[in-house]
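Novice: Which chain is which? The protein sequence lines are F and E, in order.
Just so it is clear: in the first sequence, position 38 is 38 by this note's numbering, and no numbers are missing.
One rule links them: number in this note's numbering = place in the second sequence (from 1) + 1000.
The beta carbon of each residue, even a glycine, is placed where N, CA and C say it ideally should be.
Protein chains: 2
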Amino acid sequence: MLRSIALLAFLCHVVACSSSAAQAPFVNALVPQPRELQVSADPGLSFSQTTSVFLQAAASGPLSAATSRFIVRLQSTTGIELTTPLVPNHDAASIVIHVADASASQPTLGMDESYSLNVDSHRATIEANTIFGAYHGMETLLQLLQSNGSGWFLPPVHIVDTPRFPWRGLLLDPSRHFLPVPVLLRTLDAMAAVKMNVLHLHLTDFQGFRIESRVFPRLTADGSDGEFYTQDQMRAVVAYAAARGIRIVPEFDMPGHSMSWMAGYPQLASAPGPFHAEHSYHIFAAAMDPTRESTYEFLDRFFEEMTHIFPDQYVHIGGDETNGVAWKSNPRIAAYMKAHGYAKPSELQAEFSRRVQRILNRHGRKMIGWDEALSPDLLSGFVVQNRRGATSFAAAATQNRQTIYSQPYYLDHHSSSAEIYAAKLPTGQGMLGGEACMWGEEVNAQTIDSRVWPRTIAFAERMWSPPQVSDVEDMYRRLRIESLRLDAMGLEHLSNPQRLLRHISRSLSSPELETLAATLQPEDFIVRLQRQKPTRDTPLVGLVDAVVFDPPFEHEFDRTVDAFLHSTDDAAINQAASTLRRDFQSWVNTGPALDQLTESNPELKKVTERRHELIALGHLGLEELEARQHHEHLSAPDVAMAEQLLQRAATPDEGYVDFIVLQPLEQLLRAVR
Amino acid sequence: MLRSIALLAFLCHVVACSSSAAQAPFVNALVPQPRELQVSADPGLSFSQTTSVFLQAAASGPLSAATSRFIVRLQSTTGIELTTPLVPNHDAASIVIHVADASASQPTLGMDESYSLNVDSHRATIEANTIFGAYHGMETLLQLLQSNGSGWFLPPVHIVDTPRFPWRGLLLDPSRHFLPVPVLLRTLDAMAAVKMNVLHLHLTDFQGFRIESRVFPRLTADGSDGEFYTQDQMRAVVAYAAARGIRIVPEFDMPGHSMSWMAGYPQLASAPGPFHAEHSYHIFAAAMDPTRESTYEFLDRFFEEMTHIFPDQYVHIGGDETNGVAWKSNPRIAAYMKAHGYAKPSELQAEFSRRVQRILNRHGRKMIGWDEALSPDLLSGFVVQNRRGATSFAAAATQNRQTIYSQPYYLDHHSSSAEIYAAKLPTGQGMLGGEACMWGEEVNAQTIDSRVWPRTIAFAERMWSPPQVSDVEDMYRRLRIESLRLDAMGLEHLSNPQRLLRHISRSLSSPELETLAATLQPEDFIVRLQRQKPTRDTPLVGLVDAVVFDPPFEHEFDRTVDAFLHSTDDAAINQAASTLRRDFQSWVNTGPALDQLTESNPELKKVTERRHELIALGHLGLEELEARQHHEHLSAPDVAMAEQLLQRAATPDEGYVDFIVLQPLEQLLRAVR
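1) Rounded to the nearest angstrom, how far is the Cβ of ARG1210/E from that of GLU1227/E, given a contact under 8 Å?
2) With a threshold of 8 Å, are at least 3 pairs of Cβ atoms found where one atom belongs to the segment 634 to 649 of chain F and the other to the segment 522 to 542 of chain F?
3) Does the Cβ-Cβ distance between TYR421/F and ALA458/F come in under 8 Å?
4) Closest by CA to ASN1148/E, which one among SER375/F, ARG670/F, LEU597/F, PRO166/F?
5) Would you identify the three-state DSSP class for ASN1129/E, choosing helix, strand or coil?
6) Assuming LEU580/F and ALA616/F are in contact, meaning their beta carbons sit under 8 Å apart, how far apart are those beta carbons, in whole angstroms?
7) Mind checking VAL672/F: buried by the 16 CB within 10 Å criterion, or exposed?
8) Could you name the residues of chain F that GLU1603/E contacts, counting a contact when the two beta carbons are closer than 9 Å?
9) Could you pull the start and end residues of the beta strand (DSSP E) that ALA335/F belongs to?
10) Starting from the beta carbon of GLY674/F, find every residue of chain E whose beta carbon is closer than 7 Å, and list them in chain order.
11) I need the straight-line Cα distance from GLY433/F to GLU442/F, nearest angstrom please.
12) Taking beta-carbon pairs under 9 Å, can you tell me which members of the segment 525 to 552 of chain F lie near chain E?
13) Tell me whether GLU626/F is buried or exposed, calling it buried when 16 or more other Cβ atoms sit within 10 Å of its Cβ.
14) Could you please give the first and the last residue of the uninterrupted beta strand (DSSP E) stretch that includes TYR314/F?
15) Would you please state the rounded distance, in angstroms, between the beta carbons of ARG332/F and TYR265/F? I believe it to be under 8 Å.
16) In whole angstroms, what is the alpha-carbon distance linking PRO552/F and ALA518/F?
17) Over the uninterrupted alpha helix (DSSP H) stretch that includes GLU1077/E, give me the two end residues.
18) List the DSSP bridge partners of ALA221/F.
19) Decide if ASP1232/E is buried, meaning its Cβ has at least 16 other Cβ atoms within 10 Å, or exposed.
20) Return the CA-CA distance between LEU486/F and LEU188/F, expressed in angstroms with no decimal places.
21) Contact criterion: CB-CB distance below 8 Å. Does LEU1508/E meet it with respect to chain F?
22) For CYS12/F, does the count of other Cβ atoms within 10 angstroms reach 16, so buried, or fall short, so exposed?
23) Residues in the segment 471 to 497 of chain F with C-beta within 9 Å of chain E's C-beta atoms, listed in sequence order?
24) At 8 Å on the CB atoms, spell out the chain F contacts of ARG1499/E, in chain order.
25) Using a cut-off of 8 Å between C-beta atoms, extract the partners of PRO182/F located in chain E.
26) Consult DSSP for LYS1605/E and reduce its assignment to one of helix, strand or coil.
27) Which same chain residues end up closer than 7 Å to PRO1664/E when comparing Cβ atoms and leaving out the 5 residues on each side of it in sequence?
28) Is it true that the CB of LEU171/F sits closer than 8 Å to the CB of MET438/F?
29) Buried or exposed: GLU599/F, going by 16 or more other Cβ atoms within 10 Å of its Cβ?
30) Using only CA atoms, which one of THR140/F, LEU668/F, SER121/F, ASP120/F lies nearest to GLY618/F?
31) Could you check where the alpha helix (DSSP H) with TYR115/F kicks off and where it finishes?
32) Under 8 Å between the Cβ atoms of THR140/F and LEU30/F?
33) Does any C-beta atom of chain F lie closer than 8 Å to the C-beta of GLU1599/E?
34) On the criterion of 16 or more Cβ atoms from any shown chain inside 10 Å, does ARG176/F qualify as buried, or is it exposed?
35) Residue range of the alpha helix (DSSP H) that MET1367/E falls in?
36) Have a look at TYR240/F, LEU203/F, LEU154/F and flag the residue whose alpha-carbon is nearest the alpha-carbon of PRO182/F.
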């Protein structure tokens, strides 16, 4: 008798029975968590083809457009095409959006971003004072959508929400590697999804000047290698951002980090030049000349032009890492310093900053600068972007300056989402919020998403949600869900690493290479910078570019080892042991396939050490496991050997990749030594 | 004794020994295959950091830009950063590009696309008469790059190459689903990689008017739902294409398929309206009024404007599917037809086409139309695009018309790469080449790449290579390699299906869902259209949108079953049996995981039948396998049951997906019945 017969018989009885089971329990996937959330006993709102979406009064162009996009996303999430989405149907399920005053469409610092969201079995209602609050409400509603055996529904929640901080930003650096417009747009989509509201663009640096100036066309003609945003493009980006409640804050780094300006306009410089946009990543001495009136006249005209592209009230002037060498070695500037009694370059920089601030203020803009630009001589309204931590914050507070906090949020470093989430924030009046900073030396348009996301989700929650929301496990649970949502929205953070692994393995899939990659992360920014000495032209197509900081396996493995060693529940211990055994065995098993793959593969040759170490670590893990389960201890020579292996696996390799599994393996070793 | 000790000892002896082994044998991954290819005994050219690339004389702006892009791609492919790439270094390995006459930069029909490529141990030399030939030579060189234990090298080849047909096109249809500029750009990159040279854009149809007209701004204002290419954008696309040797041929479909024109300009129509861009996909009767002078005056001004955007000599006016209903039901037009002795609407259409052709000719353009536009009354220079096959071709040949052949190349149908490759081409003077056509009803910007690629690679080879190049197995081998190269270049044909599977499974990976997806393809265009009745707003996020036509598993499974049944080599039979057993078992094993995944997943519920059938098919396969290996036969009732299963699995399902494994299973069944 064929086994398939039974199955076929079964098939003949498959009935399209849409069970009308009770709603599944509410799964909280919201990130950031709202300020207040209550769940009622109501069955919630079934979402179906006939659900209608409508704006109650106070509609505006931007709000209507946002509602149309919202409808498309409701459809993409659920796969359900709404029949007549915008026709209010009071008999059917409805999503109602009510905005008290929809007149403001340009986001500003301190705008009212609050909203409430109520769901019962008839309707879901988003209420907000501004369209910005309504945008957030729509994002929350999309995160609420869930499905059970009967279909899609919105759980019966009552949410009242407002952000903890008004400045929740992300810095991108198109100067080092240009980021074409589509990268900015998809980043804005992702930021909006987690309620961030500032995209800070580091538009100029040694390596390139990335925004078109029509007043000074040689800025891009000579300083951009042809890669820059036209004014039309940037206006479109600003509009796209505003339509999602996000401000674009431009940064024009000065007086240092400004060599790309001098390529076309050497008269700005403190030294004769010639200059060009640099492809290497040194910190060059070249700095603007703060002693010439012509410098300020130039900047005055330049900033005037930029105000027509960037409507935001804030302009960032950088101000970091000006070492003063160019000033001291120019006799005219040295004489100026002496004449003004400036003992240190920082005093000359303070004069420069003060004058630039006056120019900006005259154009209706407030000035932001990094820590180094802070000076008591600046006028009020100056905002400090903090990259040096608590001491700098205190110094700013002494001067009554507001601060954007960035020190723990440098995404080119290998901080995990947990570390970003748990970073201690200074308290005080001046705290505006923070920015996650993605410097561009080691990322390009292809790899940047996988460096920024999903870690920035943890940052976004820290900036929005009350400080009491701090459960790391729950954050990771929700971050994983949101990461998949961003993927579906078109972010490349999951796709591109896989694409690179296909490129490296030259095959549709290589499970063994994926196993290796899952245990690795890139070297920390600064270590790679010093060892590899990459330039703007270094291809970013190696395993180091495919692996990510804080890969999913890191937290998972930590937890499993923790459960194995510390759980008091035998079942949990056995479960953990079985997971670990499977993992360790998969490391050991990578050998033959990766040996073969590496044979004619120069890229994989670079990680030969890591490959071999992974196999050895797998054996070590299996032995640690066995010893622990049999309540045995490793011999002293074996322990020494294991320690040597762990030490070796922690040293830098030719592929610029680090293991993320060493600490748990050390914990295991301590338990059986 | 720790097993890891041995490994650790081994690690300590890992030496970075760059073996100087002889070059690996040449692996021919070229697609399309060149006209002539010889491989010499020379060791070939080692590619390293010091390899230089330079243009020999006759440099031009476009050629220099192309060379710079070529260098970036050499670096991305190999991961090697060239130190001073553009400085000729006669001591080191060099890639030399020589173009006899680099003055022409705008591609035209019949341009000289030939090139030669010679590699010895000192240099690789590309020689071409035009920059278009040089572009092809660079693509060939990139496909030649390969690596062995010592690093990257170019094998010692002598290639002389020229295309079989001068028209090697792809039709995209941004009217049904708008395709933003980045989609066009990445498509052009892929086309250039396989030496295609025409991108045909179907810019207007019932569902939308997609190119900005400043003369008639209401065309997009009222007929595009806000989705269209600005003139600046389209000029950039045309320039991007030209820089890759690709012509952009615009299509403005008329007199039918033109409702989006009438939304803003109802005076063009044969009926009073009102009209709007349609969201459904019916073929509407609305057609332009060919009896009014004002229609031709409008078209005259419109085409005049378009010549400033589209430099190509050819303009496509569609001309398909005008059913004449709108004409016959308008008394004025009916009277006109009677007065002119037109018995059938096609006669009126012929007059219309003739007049439009005169307008186009006056603007220096030649006219293309689909089969239905063919008429003996047209002037010479008219080109037919064939969508009806050999009979239509013969009709055109009778009128001495040139033909672009498309009938076998409709990518919305489920033709496999093998079928596309093997399609019989008509012979005759008028054969210009062909176009693969990707109609837009059921694809959007996210899914389109996976419908177009990799199948279009097979088409590209058919259009370029000599007809003797026809080995299907070898085509598939090279197509798989090229598919990965296109993936690395940024095409989404591999990424997006995986992204959709993550969206559907809501997890980073679901091996069981991947197993199911590997056995499925979308329903053929027309079947899905009639059953699902999708509109422009139907979300394309289901399993039907994640699976692809001619998935890799299809050909692989066919071959394995074939080897199992027909090989004369016992080892090959056993190998095939073991592969099949693993495959069938993997189908059976999908049960529990997919049951669980489906529980609260409305999208997966749609493929419940296919899921259950796959399990039954797996059981059937295992039994067929067992019977065959034991030289047994299935009982009559078992055969009947199996046939019933295969039949059932071949009927349309709720998810709009078809199995691609049924034919081989039937073959197996025939062998054991």
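Specialist: Short version:
1) As a working mapping, residue 1210/E is identified with position 210 in the second sequence. As a working mapping, residue 1227/E is identified with position 227 in the second sequence. Correct: roughly 7 Å between the Cβ atoms.
2) no
3) Within the first sequence, the letter at position 421 stands for residue 421/F. Within the first sequence, the letter at position 458 stands for residue 458/F. Cβ atoms of TYR421/F and ALA458/F: closer than 8 Å.
4) Stepping through the second sequence from its first residue, residue 1148/E is reached at position 148. Residue LEU597/F is the option with its Cα nearest to ASN1148/E.
5) Translated into the one-based positions of the second sequence, residue 1129/E becomes position 129. In the structure shown, ASN1129/E sits in coil (DSSP, three-state: anything other than H, G, I, E or B).
6) Translated into the one-based positions of the first sequence, residue 580/F becomes position 580. Translated into the one-based positions of the first sequence, residue 616/F becomes position 616. LEU580/F to ALA616/F, Cβ: 16 Å. No contact.
7) In the first sequence, the residue the question calls residue 672/F occupies position 672. Buried: at least 16 other Cβ atoms inside 10 Å.
8) Position 603 of the second sequence, counted from the first residue, corresponds to residue 1603/E. Within 9 Å Cβ-Cβ: THR78, GLY79, SER147.
9) For this step, residue 335/F is matched to residue 335 along the first sequence. From DSSP, ALA335/F is part of no beta strand (DSSP E) but of the alpha helix (DSSP H) over 331 to 339.
10) Missing from the structure shown is residue 674/F; chain F here goes from 1 to 673 and no further.
11) Translated into positions along the first sequence, residue 433/F becomes position 433. Translated into positions along the first sequence, residue 442/F becomes position 442. Those two C-alpha atoms are separated by around 26 Å.
12) PRO534, THR535, ASP537, THR538, PRO539, LEU540, VAL541, GLY542, PRO552
13) Numbered from its first residue, the first sequence carries residue 626/F at position 626. Exposed, by the Cβ-count rule.
14) As a position in the first sequence, residue 314/F is number 314, starting the count at 1. 314 to 316 is the extent of the beta strand (DSSP E) around TYR314/F.
15) The sequence position of residue 332/F within the first sequence is 332, counting from 1. The sequence position of residue 265/F within the first sequence is 265, counting from 1. In fact, because the Cβ distance is near 18 Å, the residues do not count as touching under 8 Å.
16) The residue given as residue 552/F occupies position 552 in the first sequence. The residue given as residue 518/F occupies position 518 in the first sequence. In a straight line, the C-alpha of PRO552/F is about 8 Å away from that of ALA518/F.
17) Counted from its first residue, the second sequence places residue 1077/E at position 77. In the sequence under discussion, the amino acid at residue 1077/E is Thr, which differs from the Glu named in the question. Taken as a continuous stretch (DSSP letters only), the alpha helix (DSSP H) holding THR1077/E covers 1061 to 1078.
18) For the purposes of this step, residue 221/F is taken as residue 221 along the first sequence, with counting starting at 1. DSSP lists no partner for ALA221/F.
19) Here the question's residue 1232/E lines up with position 232 in the second sequence. By the neighbour-count rule (16 or more Cβ atoms within 10 Å), ASP1232/E is not buried but exposed.
20) If you number the first sequence from 1, residue 486/F lands on position 486. If you number the first sequence from 1, residue 188/F lands on position 188. Going from the Cα of LEU486/F to the Cα of LEU188/F covers about 11 Å.
21) Reading the second sequence from its first residue, position 508 is the one you call residue 1508/E. Closer than 8 Å to some Cβ of chain F, the Cβ of LEU1508/E qualifies, so yes.
22) Residue numbering aside, residue 12/F sits at position 12 when the first sequence is read from its first letter. No answer about CYS12/F holds up, because its pLDDT of 42 lies below 50 and its placement is not dependable.
23) ARG480, ILE481, SER483, LEU484, ARG485, ASP487, ALA488, GLY490, GLU492, LEU494, SER495, ASN496
24) Taking the first residue of the second sequence as position 1, residue 1499/E is located at position 499. Going along chain F in sequence order, the residues near ARG1499/E (Cβ under 8 Å) are ASP487, ALA488, LEU494, SER495.
25) If you number the first sequence from 1, residue 182/F lands on position 182. Per Cβ cutoff of 8 Å: PRO1182.
26) Here residue 1605/E corresponds to residue number 605 of the second sequence, with the count starting at 1. Three-state DSSP puts LYS1605/E in a helix.
27) Locating residue 1664/E in the second sequence gives position 664, counting from the first residue. Here the set comprises PHE1557, ASP1558, VAL1561.
28) Taking the first residue of the first sequence as position 1, residue 438/F is located at position 438. Taking the first residue of the first sequence as position 1, residue 171/F is located at position 171. Against a cut-off of 8 Å, the Cβ pair of LEU171/F and MET438/F comes out as a contact.
29) Along the first sequence, read from residue 1 onward, the residue named residue 599/F stands at position 599. Counting Cβ neighbours within 10 Å, GLU599/F comes out exposed, since fewer than 16 surround it.
30) If you number the first sequence from 1, residue 618/F lands on position 618. Comparing Cα-Cα distances from GLY618/F to each of THR140/F, LEU668/F, SER121/F, ASP120/F, the minimum goes to LEU668/F.
31) Mapped onto the first sequence, residue 115/F falls at position 115. Careful: TYR115/F lies outside any alpha helix (DSSP H), inside the beta strand (DSSP E) at 115 to 119.
32) If you number the first sequence from 1, residue 140/F lands on position 140. If you number the first sequence from 1, residue 30/F lands on position 30. Yes, they are a contact pair.
33) Your numbering for residue 1599/E matches position 599 in the second sequence. Yes - at least one Cβ of chain F is within 8 Å of the one on GLU1599/E.
34) To locate residue 176/F, count along the first sequence from 1; it is residue 176. When all chains shown are included, ARG176/F counts as buried.
35) Walking along the second sequence from the start, residue 1367/E turns up at place 367. Per DSSP, MET1367/E belongs to no alpha helix (DSSP H); it is in the beta strand (DSSP E), 1366 to 1370.
36) Along the first sequence, one-based indexing puts residue 182/F at 182. The candidate whose alpha carbon is nearest that of PRO182/F is TYR240/F.
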